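Number of protein chains: 2
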Amino acid sequence: MTAIERIAGVMGGLGPEATVDFMARVLALTPASRDQDHIHMLVDQNPGVPNRQEAILRGAEDPAPALAAMANRLESAGADFVVMPCNAAHAFQTEIEQALSVPFVSIVDVTVEAVTELSSAAVGLLATPAGIAAGTYQAAMREPLIVFDEAERETFMSLVYAIKAGDRGEAMTTGMRRLAEALAARGAGVLIAGCTEIPLVLGPRDIDVPLVVSTDELARRTIELARGERPLPATGT
Amino acid sequence: MTAIERIAGVMGGLGPEATVDFMARVLALTPASRDQDHIHMLVDQNPGVPNRQEAILRGAEDPAPALAAMANRLESAGADFVVMPCNAAHAFQTEIEQALSVPFVSIVDVTVEAVTELSSAAVGLLATPAGIAAGTYQAAMREPLIVFDEAERETFMSLVYAIKAGDRGEAMTTGMRRLAEALAARGAGVLIAGCTEIPLVLGPRDIDVPLVVSTDELARRTIELARGERPLPATGT
Chain A
1 MTAIERIAGV MGGLGPEATV DFMARVLALT PASRDQDHIH MLVDQNPGVP NRQEAILRGA
61 EDPAPALAAM ANRLESAGAD FVVMPCNAAH AFQTEIEQAL SVPFVSIVDV TVEAVTELSS
121 AAVGLLATPA GIAAGTYQAA MREPLIVFDE AERETFMSLV YAIKAGDRGE AMTTGMRRLA
181 EALAARGAGV LIAGCTEIPL VLGPRDIDVP LVVSTDELAR RTIELARGER PLPATGT
Chain B
1 MTAIERIAGV MGGLGPEATV DFMARVLALT PASRDQDHIH MLVDQNPGVP NRQEAILRGA
61 EDPAPALAAM ANRLESAGAD FVVMPCNAAH AFQTEIEQAL SVPFVSIVDV TVEAVTELSS
121 AAVGLLATPA GIAAGTYQAA MREPLIVFDE AERETFMSLV YAIKAGDRGE AMTTGMRRLA
181 EALAARGAGV LIAGCTEIPL VLGPRDIDVP LVVSTDELAR RTIELARGER PLPATGT
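As they're listed, the protein sequences go chains A and B.
Under this note's numbering, residues 1 to 237 are what the first sequence spells out, in order.
Under this note's numbering, residues 1 to 237 are what the second sequence spells out, in order.
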């Protein structure tokens, strides 16, 4: 047995494909030659959480109680720390942390850390309208971000909904690449894939500008924490 | 909201890639156009369960306590029924069911049901040495099964361990196809992929003989039960 130190709790279903993609990336990024080398994760694949876009942008049903309940369920089941492979839902991080006595590890924080280490160029953020409106990345970065304009936000969200509906075709990749290139054309020298649906259709090899994939950054941090290679952060509350 | 009726508990990590593959198949087989259409699953991705092959074939550390604890954890966290996308570990179904007060749905039973509905031809079983030795498929089928000889069992297991170590290359597919063709050459008119690592490298389109994939059969049944389209079976104890 390797020294599997800590159980990672994964708040999933936001969306479900992105959760499976996150889990696959955790496996791919773990140095492992047999089952027992992998990390232990408890995953709540709960697609029933109310729509985060509608809540943040239009005041529809608040997903915070469902997210807090999910976090709590994972901690009760044994999670030593909790992660959530969905960027927009981090708008509700405070409510999630209030439900937890174990640390919540933010995908926004680990991604900002990675992009800051990688480059001092202007950063472009590919994110959903709610992700942009919530301002989580803007708050975590010291420098201003280059973000989508109104028309690009709509286009991006229509792609995300199509991906959530199961479309991973070439048109999705092309549409996503065009949006990334628009941010680069406005001066971004490095891009954040700040929505976990993006890497389902667009990877770093699809564009010329460096792309920091938030799903990968969260996967790497999750592995390090689960394997005890890094101390747990302090709890948020 | 769709009527998501029941939470599926998934005993995972046996192996971890097979669990992610199972979850991806559940998503692919669910009629869904948005997050909220998908089913709710609680997944214990626990790769630390002692090696099932070693336990069954050579009397090494018993995985039953770890499996029972995993089942119990899922029920405590809210699972309305429990599935396990690993065929060999079904040798410990009795111990798992003793730990549960909710139903355990056997991958062996749903796969045998599917293969019986599909064909009256002689059935070939692709399974691990422990899966064959445990006799779970033989017990569930009315007719005798065509299984691997000693040399084929060794070859098959070396492929499975390579897949678990991350190899999904063409050599894996070729090796697996040859083993499938060997069972067909001995009279099998339909084959069971009775190990959840198989579909990571071999699908029905890779061979001429019909291949019933146990992962898919369990995914279909899980979806039907979670959506309330089928009554829960009786509990095992």
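A virtual CB, placed ideally from N, CA and C, is assigned to each residue, including glycine.
Quantities reported herein were computed from a predicted structural model and do not represent experimental measurements.
task: Between the Cα of A139/A and those of P231/A, A171/A, M70/A and E113/A, spot the shortest distance and give me the residue it belongs to.
output: Among P231/A, A171/A, M70/A and E113/A, the Cα nearest to that of A139/A belongs to E113/A.
field: Distance, A193/A Cα to G12/A Cα
entry: C-alpha separation (whole angstroms): 18 Å.
query: Any chance the region 182-191 of chain A sits against the region 64-71 of chain A, with 3 or more Cβ pairs inside 8 Å?
result: Between the region 182-191 of chain A and the region 64-71 of chain A, the count of C-beta pairs closer than 8 Å stays below three; the two stretches do not touch.
message: Quick check: is the beta carbon of L42/B nearer than 7 Å to any beta carbon in chain A?
response: Against chain A, the CB of L42/B has a partner CB under 7 Å away; the residue lies at that interface.
- request: Enumerate in chain order the residues of its own chain whose CB-to-CB distance from A46/A is below 7 Å, with the five nearest sequence positions on each side excluded.
  value: For the record, residue 46/A in the displayed sequence is Asn; it is not Ala. Closer than 7 Å at Cβ, skipping near neighbours: G12, G13 and M70.
query: Where are the beta strand (DSSP E) runs, 3 residues long or more, that stay fully inside the region 48-112 of chain A, in chain order?
result: If only complete runs of 3 or more residues are kept, the region 48-112 of chain A shows the beta strand (DSSP E) at 81-83, in order along the chain.
message: Beta-carbon within less than 8 Å of F22/A's beta-carbon, same chain only, minus the 5 sequence neighbours each way: which residues are those?
response: Apart from the 5 residues on each side of it in sequence, F22/A sits with its Cβ closer than 8 Å to the Cβ of V10, G12, P85, T196, T215, L218 and A219 in its chain, given in chain order.
query: If we ignore side chains and look at the alpha-carbon of each, how far apart do G187/B and F92/B end up?
result: Between G187/B and F92/B, the C-alpha separation is close to 30 Å.
task: Starting from E17/A, find everything on chain B with Cβ-Cβ shorter than 7 Å and list it in chain order.
output: Correct list: L27.
C-beta atoms of A77/A and A77/B nearer than 7 Å: Between A77/A and A77/B, the C-beta gap is smaller than 7 Å, which places the two residues in contact.
message: Against chain A, which members of the region 65-83 of chain B pass a CB distance test of less than 9 Å?
response: Taking 9 Å as the Cβ-Cβ cut-off against chain A, the residues of the region 65-83 of chain B that qualify are R73, L74, S76, A77 and G78.
- request: Report the residue ranges of all alpha helix (DSSP H) runs contained in full by the region 7-47 of chain B; include only those spanning at least 4 residues, in chain order.
  value: Annotation: the region 7-47 of chain B contains the following complete segments of the alpha helix (DSSP H) (minimum length 4 residues), in chain order: 16-29.
- request: Determine, using beta carbons only, whether R52/B and A133/B come nearer to each other than 7 Å.
  value: Pairing R52/B with A133/B gives a Cβ-Cβ distance that is not under 7 Å.
query: Taking C-alpha atoms, which residue in F156/A, R25/A and P31/A lies nearest to E229/A?
result: Closest option to E229/A, Cα to Cα, is P31/A.
- request: Can you give me the Cβ contacts of L42/A inside the same chain, cut-off strictly under 8 Å, excluding the 5 residues immediately before and after it?
  value: Apart from sequence neighbours up to five positions away, the residues of its chain that approach L42/A with a beta-carbon distance below 8 Å are I7, A8, G9, V10, L74, A77, G78 and A79, ordered along the chain.
Beta-carbon proximity list for E143/A, same chain, < 8 Å, skipping 5 on both sides: A122 and V123.
task: Grab me the residues of I239/B's own chain with a C-beta within less than 7 Å of its C-beta, minus the 5 sequence neighbours each way, in chain order.
output: As displayed, chain B neither begins before 1 nor continues past 237, which places residue 239/B out of reach and without an answer.
DSSP three-state assignment for I198/B, whether helix, strand or coil: It is helical.
- request: Kindly indicate if chain A contains any beta-carbon less than 7 Å away from that of A165/B.
  value: For A165/B, the closest Cβ of chain A is nearer than 7 Å.
query: What did DSSP end up calling I132/A once you bin it into helix, strand or coil?
result: I132/A falls in the helix class under three-state DSSP.
query: How would you label V102/B, buried or exposed, when you count the other beta carbons within 10 angstroms and need 16 or more for buried?
result: Its Cβ being crowded by 16 or more others within 10 Å, V102/B is buried.
task: Answer yes or no: does any C-beta atom of chain B fall closer than 7 Å to that of G48/A?
output: With respect to chain B, the C-beta atom of G48/A has a partner C-beta closer than 7 Å.
query: So is T128/B buried or exposed if we call it buried at 16+ other beta carbons inside 10 Å?
result: By the beta-carbon neighbour count (other beta carbons within 10 angstroms, threshold 16), T128/B is buried.
message: Nearest by alpha-carbon distance to Q36/B: which of R25/A, Q36/A and G48/A is it?
response: Of the candidates R25/A, Q36/A and G48/A, the one whose C-alpha sits nearest the C-alpha of Q36/B is G48/A.
message: What does the alpha-carbon distance come out to for the pair R227/A and L100/B?
response: Straight-line Cα distance between these residues: approximately 30 Å.
query: Among D44/B, R34/B and L29/B, which residue has its Cα nearest to the Cα of T19/B?
result: The option with the nearest alpha carbon to T19/B is D44/B.
query: In chain order, which alpha helix (DSSP H) runs of at least 4 residues are fully inside the region 165-215 of chain B?
result: Correct list: 170-185.
- request: Pull out every residue of the region 133-164 of chain B whose Cβ sits closer than 8 Å to any Cβ of chain A, in chain order.
  value: Within the region 133-164 of chain B, the residues whose Cβ lies closer than 8 Å to some Cβ of chain A are Y161 and K164, listed in chain order.
- prompt: Could you check where the beta strand (DSSP E) with V294/A kicks off and where it finishes?
  reply: Lying outside 1 to 237, the shown extent of chain A, residue 294/A is not represented and no answer is given.
message: Give me the DSSP bridge partner(s) of E146/B.
response: Note that residue 146/B is Ile in the sequence shown, not Glu. I146/B pairs with G124/B.
task: Would you mind stating whether E97/A and A64/A have Cβ atoms separated by less than 7 Å?
output: No; because the gap between Cβ atoms is not below 7 Å, this pair is not in contact.
task: State yes or no: is the beta carbon of R186/B nearer than 7 Å to at least one beta carbon in chain A?
output: Output row for R186/B: interface = no.
message: Assuming M172/B and L159/B are in contact, meaning their beta carbons sit under 8 Å apart, how far apart are those beta carbons, in whole angstroms?
response: Indeed they touch by this definition, with Cβ atoms about 6 Å apart.
task: List the whole-angstrom C-beta distance separating H38/B from P204/A, where the pair is believed to meet the contact cut-off of C-beta under 8 Å.
output: About 28 Å separates the two Cβ atoms, so there is no contact after all.
task: Would you mind telling me which residues of chain A sit closer than 8 Å to L14/B, beta carbon to beta carbon, in chain order?
output: Going along chain A in sequence order, the residues near L14/B (Cβ under 8 Å) are D35.
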